[in-house]
Every structure is written in structure tokens, then in C-alpha cells.
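Quick note, the sequence shown lines up with residues 0 to 678 if you use numbering that gives the first Met the number 0. To keep things clear, I will list the structure first and then write my remarks on it.
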Amino acid sequence: MSSHANRRSLFDTKIVRRASIDALAKLSPRVMMKNPVMFVVEIGSILTTVLLISNFVTHSGHLSFNLQITLWLWFTVLFANFAEAMAEGRGKAQADALRLAKSETTAYLVVNGVVKEVPSSQLRVDNVVRVNAGQMIPGDGEVIEGVASVDESAITGESAPVIREAGGDRSAVTGGTRVLSDVITVRITSNPGETFLDRMIALVEGAERQKTPNEIALNILLAGLTIIFLFAVVALQPFAIYSGAPQTIFVLISLLVCLIPTTIGGLLSAIGIAGMDRLVQHNVLATSGRAVEAAGDVNTLLLDKTGTITIGNRQASEFVVAPGVTPEQLADAAQLSSLSDETPEGRSIVVLAKEKYNLRGRELVQLNAEFVPFSATTRMSGIEVDGRSIRKGAVDAITNYLREHKSQMPPEVLATVETISRAGGTPLIVTENGRALGVIHLKDVVKGGMKERFDQLRAMGIRTIMITGDNPLTAAAIAREAGVDDFLAEAKPKDKMDLIKREQADGKLVAMTGDGTNDAPALAQADVGVAMNSGTQAAKEAGNMVDLDSNPTKLIEIVAIGKQLLMTRGALTTFSISNDVAKYFAILPAMFAGVFPVLNALNIMHLHNAESAVLSAVIFNALIIVGLIPLALRGVGYRPMSAAALLRRNLLVYGAGGLIVPFIGIKFIDIIITALHLA
Numbered sequence: 000m001s002s003h004a005n006r007r008s009l010f011d012t013k014i015v016r017r018a019s020i021d022a023l024a025k026l027s028p029r030v031m032m033k034n035p036v037m038f039v040v041e042i043g044s045i046l047t048t049v050l051l052i053s054n055f056v057t058h059s060g061h062l063s064f065n066l067q068i069t070l071w072l073w074f075t076v077l078f079a080n081f082a083e084a085m086a087e088g089r090g091k092a093q094a095d096a097l098r099l100a101k102s103e104t105t106a107y108l109v110v111n112g113v114v115k116e117v118p119s120s121q122l123r124v125d126n127v128v129r130v131n132a133g134q135m136i137p138g139d140g141e142v143i144e145g146v147a148s149v150d151e152s153a154i155t156g157e158s159a160p161v162i163r164e165a166g167g168d169r170s171a172v173t174g175g176t177r178v179l180s181d182v183i184t185v186r187i188t189s190n191p192g193e194t195f196l197d198r199m200i201a202l203v204e205g206a207e208r209q210k211t212p213n214e215i216a217l218n219i220l221l222a223g224l225t226i227i228f229l230f231a232v233v234a235l236q237p238f239a240i241y242s243g244a245p246q247t248i249f250v251l252i253s254l255l256v257c258l259i260p261t262t263i264g265g266l267l268s269a270i271g272i273a274g275m276d277r278l279v280q281h282n283v284l285a286t287s288g289r290a291v292e293a294a295g296d297v298n299t300l301l302l303d304k305t306g307t308i309t310i311g312n313r314q315a316s317e318f319v320v321a322p323g324v325t326p327e328q329l330a331d332a333a334q335l336s337s338l339s340d341e342t343p344e345g346r347s348i349v350v351l352a353k354e355k356y357n358l359r360g361r362e363l364v365q366l367n368a369e370f371v372p373f374s375a376t377t378r379m380s381g382i383e384v385d386g387r388s389i390r391k392g393a394v395d396a397i398t399n400y401l402r403e404h405k406s407q408m409p410p411e412v413l414a415t416v417e418t419i420s421r422a423g424g425t426p427l428i429v430t431e432n433g434r435a436l437g438v439i440h441l442k443d444v445v446k447g448g449m450k451e452r453f454d455q456l457r458a459m460g461i462r463t464i465m466i467t468g469d470n471p472l473t474a475a476a477i478a479r480e481a482g483v484d485d486f487l488a489e490a491k492p493k494d495k496m497d498l499i500k501r502e503q504a505d506g507k508l509v510a511m512t513g514d515g516t517n518d519a520p521a522l523a524q525a526d527v528g529v530a531m532n533s534g535t536q537a538a539k540e541a542g543n544m545v546d547l548d549s550n551p552t553k554l555i556e557i558v559a560i561g562k563q564l565l566m567t568r569g570a571l572t573t574f575s576i577s578n579d580v581a582k583y584f585a586i587l588p589a590m591f592a593g594v595f596p597v598l599n600a601l602n603i604m605h606l607h608n609a610e611s612a613v614l615s616a617v618i619f620n621a622l623i624i625v626g627l628i629p630l631a632l633r634g635v636g637y638r639p640m641s642a643a644a645l646l647r648r649n650l651l652v653y654g655a656g657g658l659i660v661p662f663i664g665i666k667f668i669d670i671i672i673t674a675l676h677l678a
């Protein structure tokens, strides 16, 4: 997602303009029926409109009062529609930005070794295409040959290019991204209209958003409350007639609209859509709202080690010298032997020598050297330069090499090798002219800030488990350094599945992050499966979320957004129900105080008269929806704390606030109405 879309202001002018139009379009009864609370308000608005026209024709009734009631009832419906349209509009704006990345491109289809140009729309699953530097990748696929640098900024918003290569867990490519260097051959994995970009556009537009189980349950509750209050208001009129204080349809509908939970009814859909939108702003796509809600209740997080907790490639971390050798000598020899080594390990050795001992990498041409490439037979590489014969390789390979040169491995070096191996690292020995200079310690490098991030997860009550195919010794070392709570070593796909099932059998919700094909079964089994965008197509298909940034610690934000969604819905439901109390004190005395003067004791706000009381309550009922739209879109702020502490805070803020704010608001509106002689 573009960074511009992420920084989009809450009330962007274009979004507001589009939402205003959509709010009117949503007045269609077919649309409104999906929201039973607001559908009842719309029916009431239609009924008062018909009666208002009848009164106007017959010159009966209090036209000014009835007109104001009718207008504010329609405003109530429109404001609710506007809230939903605002939430949808932010997604539509992001979808428009994505469409710019989706265009018809030329594909270079490979058929029986012959390359021919075809439009990308003609590509089908299993077609093979060749993509050169500077060309757009015509469709989703997997690299089957070559390695290239790819610009994915149109999808992720990140300007830094990424490496995509055949084999491994970084073979997946996305249509609409651009190859910056080299040539790759790609096997297409999706048909037109079914690409990852197409799914992204559909998701952020809301085309596939379905109501979650919790949202459906809350809708049923709200519908039930609406029916109860509807019967109560209908039954009130016979009592009013019997007591000699019959009420007009305008007042009865006003009472109904103020009693039913219109605040949460008007904002409920916007809250759910905004939760999905906040995920998109963090460059995470969820295939369902159910996954977002589940993230808010996660108890256990499983993380794949390689590429998730660690960088994914072993890196040189230190040079350990043999007796009689200086660190500078070892670093110099190690760097020389790695100058032609283009592997991540080789490059890391050159960088370590440069950073730790200020040894600048030398130009290969100027050295006039003969490089010895690595081979599976010798398991060594090296360089012949200025009479120096330098070799670097595995322990057994270097031991045999020294033996051939009538030399032995020093016991101190063997002890260092054993220490590094026990710590979970990989030792490489460096020799010069048949003499062991020391050991290069290669280790899996834990990504920066991981320990602090896991501390945050722990504060949220989430247990972290690292999953790896490494031996228990190596796994334990990485687990200690990363700060995870537990680990599963020598894990096969079935072991991951079994672990998730055990956790779920204990009543826990499990989240899993991964990027490889071997992670796919576990991602599918987990309640929340977050696949890395840099991973394989199988992993992305199995998960119910895709992290476009391929940042495994993103689950912290995902969990926070899930909790924020649940908290926002609960907080505004509490506010909606509690703020009805003030409306009782406004409308009921206005309806019956003339017949039962004792009810004046309930007029604690000292509202001016019956009409101003009813009108003030209806206006406040409409305006509070507008006032809460920013909170519904942004969400209630979340800080890691216990569930009990969160409940106390929300009851205090939104429960007590829901009782107090309406009294102040209705009284303030009554003062304005009275001053303007509107009632």
C-alpha cells in the first residue's frame, strides 16, 4: 500500500464528498434492511414525512415542530449512513491507488523455448513467462529460474527493492511489480481477475467484507431491543389516551427513535469496516473480519525461526584467532577469501572485517589474484594472491586440507569449534599457507528489536513459541537470544499442526506467522494465520492474513488492532445504551407531566417546555452519531493491560460518560432552541 494512502487524513475532502453521496444512495430500503435499528428509524422518517405532507395540505397540526422532527429523523439516518460510507470511502480511496498499479502489460510467453509477446490478460495458470530488467511482472507467479531485484513499492509502499529467486521461500512474485535487475523466468499461478492485486482491491473496497459472528450476535441483540421498545411505544398510546394525554405520531416516533440503540446501530458497520481499514493502513490484508476479531483474543503465537525471528541467512559475528595469530591477520585473510563469495555469508564476512578492523574491501581486478571457488567436493573456497594461499571452509574439509599439507589442527581451534557448535553457530576455519589462523563464527542473526517486541506480546498476555527445524541445542540458543517463551525444535509440518491442535484443545486461540510452503498446513490450522508477502504462494493462500511488509513482528499491531476493534464496539455499545437514560428524563416528563404533575420531578434538566424537550432529545440523538464518527474510525486507544483493568476503564469512561454527556448535550440544545424560538 502506498505510504500516501497510509497517511490519508481522517476527513479527506475527496472521501467526505464521496461519502456524502453514498449516504444518500444507502437510503435504499434494500440496503437499510441490513441494519434493523436504522431501518426502523427510516420507516419512522417516511411515516412522519407522509403525515407532514398531509398536515401541510390540511393545514392541521403544529407544522414547525413536526417539520423539525421529520428533518432530524432523516438526519439521524443520513448520519448513520455517512459513518458507514466514510469507513468504506477510505478503503475505496486505497483501492483507487491500487488500480494505478494494475494495468495491461506485455508478457513474454515462453512456449517450447520460443518467446512471444502476448497481452498479460491472456495469461493462464502454469504459463511460463520471461521478465527482463525494467519490465513489469505480468501476473502472480513463482520464480522457477534466475534471481532478480524487484521493486514492490506499488504493493507495499516500501521503496527498497527485494530479492526474488528460484527455490526457497522467496520465489513468489506479484503482478504489477517491476524487475530492476537481471532476468527471471516465472510460472504464472493465477488467472486474470484472480490475482493478488485483484483480491487486494476487492478487500479494501469492502466487496468481500462479511459480518463477523460477534457483529451478527450484536445485531440480533440490537434488533431484539428495537422490537421490545417498539411494542412498548405502541402500547403507550392506549395508556396516553386513557389518561387524557394522547400523543401525536411525531412524538411517539421521536420517543421510539430515542429509546432504541441508534448510536451503536448507526456506527456498528463503520466500526467493523474501520478495523479492517486500520489493518490495511499497516500493510496487512485480512480475508475476513473473523480473523481480525480472533487476533484480538489470541493467547498463543507460533513463529517460524528462519526469515521470521532471524534474518534468514547466517551472518559472520566474530573472528576467533588461533594461538600466535593477531585478530587483524585472521580478519584480513577471511576477507580476502570472501571477496568473490556472493553468498550472504560471504558478504557478511567482508562487512565484519571492514566494520571491526577497518579493512576496506579490495578491488578484484587490482589484486591480480586467482580465486578458488567453492565446490561441493572440496567444501572450501579461497584465494591465491601475492604468494599467500588462503582457504576457508568447513571443519572436516579444512582438517583434511591441513593434513595434506603436513599440518595439524591446533587443539585451541578445535575447542573454539566445539564452543561455537554448542552455541548453535556454524564454524568456518581459515588457513594460510597450510597454517590454521582461526575460526569465523557464523550465526543466525536475530532481527533487531525482537526481544522488546516479544516483551510487548508478553504484556498482552500472549505466549510466544519459536518453531524451527534446527537441533534442540541451536534452537535453545536462538530462543534465549530472541526472548521467546518456548520453542519446538526439529519441527516437521505435522509437528507444527499437532502443536496448534494441542493449544486449541486447551481452549486457546492460536496465531501463526510463516513464509514457507512447509508453513502452509499450520497457517491453515491456526485461528489467525499471517503469511509473509515475501513467502511462497502456498503460504499466502493458506493464511487468512497477508503482511505486505513481511515483518513477522507485525502481529503485535495486528493483535492491538483486533483488541481495539473489540474494545471500540463494546465501548460504543455501552455508551449507546447508557445515554438513553437522559432521553427518558427528557421525553417522558414532556409527554405526561401535564396529566401527572408528579412527573415534573423527573425534569431534572429543567427543559423549557414539552416541544423543546422532545426536539432536543431527537437532535442530540442525531448529532451524537456525528460526534462519535472519528472514534469509530480511529478506534478506542489500546494499551497493554489486563482485561479487568480495561473493563474498569471503559465502564468509567463510556458507561459513566454515556450517562453524563447526554444530560449536558440535551440541556445545551434546549437552551439554543429556546433562544432561537424553534419550539
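Note that the Cβ used here is the ideal one computed from N, Cα and C, for glycine as well. Note that the structure is predicted; figures quoted are calculated from it, not measured.
Close Cβ partners of residue i (< 6 Å) along its chain, the five nearest in sequence each way excluded
i           : result
residue 537 : 516, 519
residue 269 : 82, 83, 86, 631
residue 685 : The structure shown does not extend to residue 685, since the chain is modelled only from 0 to 678, so the question has no answer here.
residue 675 : none
residue 334 : 349, 352, 358
residue 373 : 380
residue 643 : none
residue 55  : none
residue 271 : 214, 288
Burial state of residue i (16 or more Cβ within 10 Å)
i           : result
residue 663 : exposed
residue 110 : exposed
residue 57  : exposed
residue 410 : exposed
residue 121 : exposed
residue 525 : buried
residue 570 : buried
residue 543 : buried
residue 653 : buried
residue 604 : buried
residue 402 : exposed
residue 385 : exposed
residue 189 : buried
residue 493 : exposed
residue 454 : exposed
residue 514 : buried
Per DSSP, cross-strand counterpart(s) of residue i
i           : result
residue 390 : 381, 430
residue 144 : 184
residue 370 : 382
residue 115 : 108
residue 486 : 465
Cβ neighbours of residue i in the same chain (closer than 7 Å, five flanking residues each side left out)
i           : result
residue 671 : none
residue 687 : Lying before the first or after the last residue shown, residue 687 is absent from the chain, which here runs from 0 to 678.
residue 607 : 669, 673
residue 170 : 141, 142, 163, 164, 535
residue 312 : 343, 344
residue 194 : 138, 139, 174
residue 473 : 423
residue 503 : 509
Beta carbon proximity, residue i to chain B, threshold 9 Å
i           : result
residue 343 : Absence of chain B from the displayed structure is noted, only one protein chain being present.
Among the options, nearest to residue i - alpha-carbon criterion
i           : options            : result
residue 192 : 458, 213, 137      : 137
residue 255 : 658, 44, 326       : 44
residue 406 : 434, 658, 480      : 434
residue 432 : 387, 129, 620      : 387
residue 112 : 257, 126, 118      : 126
residue 629 : 578, 655, 584, 567 : 567
8 Å contact criterion, which residue i and residue j should meet: CB distance rounded
i           : j           : result
residue 466 : residue 487 : 5 Å
residue 267 : residue 217 : 7 Å
residue 184 : residue 214 : The Cβ separation is near 45 Å, so there is no contact.
residue 651 : residue 67  : Their Cβ separation, rounded to whole angstroms, is 35 Å, which puts residue 651 and residue 67 out of contact at 8 Å.
residue 264 : residue 31  : Going by Cβ atoms, the distance from residue 264 to residue 31 rounds to 11 Å, so no, they are not a contact pair.
residue 80  : residue 13  : The pair is not a contact, with the Cβ atoms about 18 Å apart (cut-off 8 Å).
residue 557 : residue 283 : 6 Å
Residues of its chain near residue i, where Cβ-Cβ distance is below 8 Å and the 5 sequence neighbours each way are ignored
i           : result
residue 116 : 105, 106, 107, 108
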